[in-house]
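Read the structure below first, then the notes.
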Amino acid sequence: MQRRPSLFQALFLTGAGLALMTAPVAWAQAADPAPAEEAAPDMAPDTEETPPTVAAAIGLLTLVTMIDEDAEITGNGATFAVDGTPVTLVFDVNADRMRLFTRVAASDALSGAQLKRLMQANFDTALDARYAIAGGQVWSTFMHPLVSLTEDDFISAIAQTVTLVRTYGTTFSSGALSFGAGDSNAEIQKLLEGLLQGETDI
Numbered sequence: 009m010q011r012r013p014s015l016f017q018a019l020f021l022t023g024a025g026l027a028l029m030t031a032p033v034a035w036a037q038a039a040d041p042a043p044a045e046e047a048a049p050d051m052a053p054d055t056e057e058t059p060p061t062v063a064a065a066i067g068l069l070t071l072v073t074m075i076d077e078d079a080e081i082t083g084n085g086a087t088f089a090v091d092g093t094p095v096t097l098v099f100d101v102n103a104d105r106m107r108l109f110t111r112v113a114a115s116d117a118l119s120g121a122q123l124k125r126l127m128q129a130n131f132d133t134a135l136d137a138r139y140a141i142a143g144g145q146v147w148s149t150f151m152h153p154l155v156s157l158t159e160d161d162f163i164s165a166i167a168q169t170v171t172l173v174r175t176y177g178t179t180f181s182s183g184a185l186s187f188g189a190g191d192s193n194a195e196i197q198k199l200l201e202g203l204l205q206g207e208t209d210i
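Using the working numbering, the first residue of the sequence shown is number 9, and each one after it goes up by one.
Printed below as a string of structure tokens:
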């Protein structure tokens, strides 16, 4: 039997992977629209529309469960796995914001040079995802307004967030693209030269 490509491989084979904590919020609170102006004070409107932010959040959770059927859904997001890498999604339907993040490494022992390298990567090779530090950890994270995030954007965001974890310590890249005006190309060239000379351990 031929083995199906993993989700992570599929993201990049289709090109989607190269394109690119907020407080808990109860859906029930956010999904209660104000009554229409023409309705009588004691009369609820005949129809109720789902607020756009709530509809967007439900759409993201639907995609998450398609990616990982064992995803743990919460009141304001989900935790799921992409080829063994745990990813957390949180959103705030009132603020129209969403965030993806996953832990990369402990941050307490980072040297000044390592911190500088993270900032260089954030400028040119991290693309739409970013490295960040919080709670003594380095994180890979992606943030975006909730309503305007398309399905393709979300899939690309997941791919970039996971790729930043996997390239940490080497290319610090979230994909094949790079903003050429930064410092990372020179740093990656140094890395390659060190590998060729046997001076670099990964």
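Just so you know, even glycine gets a beta-carbon here, dropped at the ideal spot from N, CA and C.
When the Cα of residue i is compared with those of the options, which residue comes out closest?
i: Leu154; options: Thr96, Thr179, Phe131 and Leu68; result: Leu68
i: Thr179; options: Gly143, Tyr139, Thr96 and Thr70; result: Tyr139
i: Thr149; options: Thr158, Gln168 and Thr133; result: Gln168
i: Glu159; options: Glu56, Ile66 and Ala117; result: Ile66
i: Gly143; options: Thr110, Asp100, Phe99 and His152; result: Thr110
For residue i, which residues does DSSP report across the bridge?
i: Tyr139; result: Ser148
i: Thr110; result: Ser148
i: Arg174; result: Arg174 pairs with nothing; no bridge assigned.
i: Arg105; result: Asp100 and Pro153
Look up residue i in the DSSP assignment and say whether it is helix, strand or coil.
i: Pro153; result: strand
i: Thr58; result: coil
i: Ser119; result: coil
i: Ala65; result: helix
i: Phe180; result: coil
i: Thr70; result: helix
i: Thr133; result: coil
i: Phe169; result: The sequence shown places Thr at residue 169, not Phe. It is helical.
Is the distance from the Cβ of residue i to the Cβ of residue j below 8 Å?
i: Ala79; j: Val90; result: no
i: Val95; j: Tyr176; result: no
i: Ala165; j: Leu108; result: yes
i: Leu97; j: Ala137; result: no
i: Ile75; j: Ser115; result: no
i: Val146; j: Thr93; result: no
i: Asp104; j: Thr70; result: no
i: Ser182; j: Ala134; result: yes
Does the beta carbon of residue i fall short of 7 Å from some heavy atom of the ligand GTP?
i: Ala121; result: The ligand GTP is not part of this structure, which contains no ligands at all.
(message) Report the start-end ranges of each beta strand (DSSP E) in the segment 74 to 100 that is 3 residues or longer and not cut off at the edges.
(response) 80 to 82, 85 to 90 and 93 to 100
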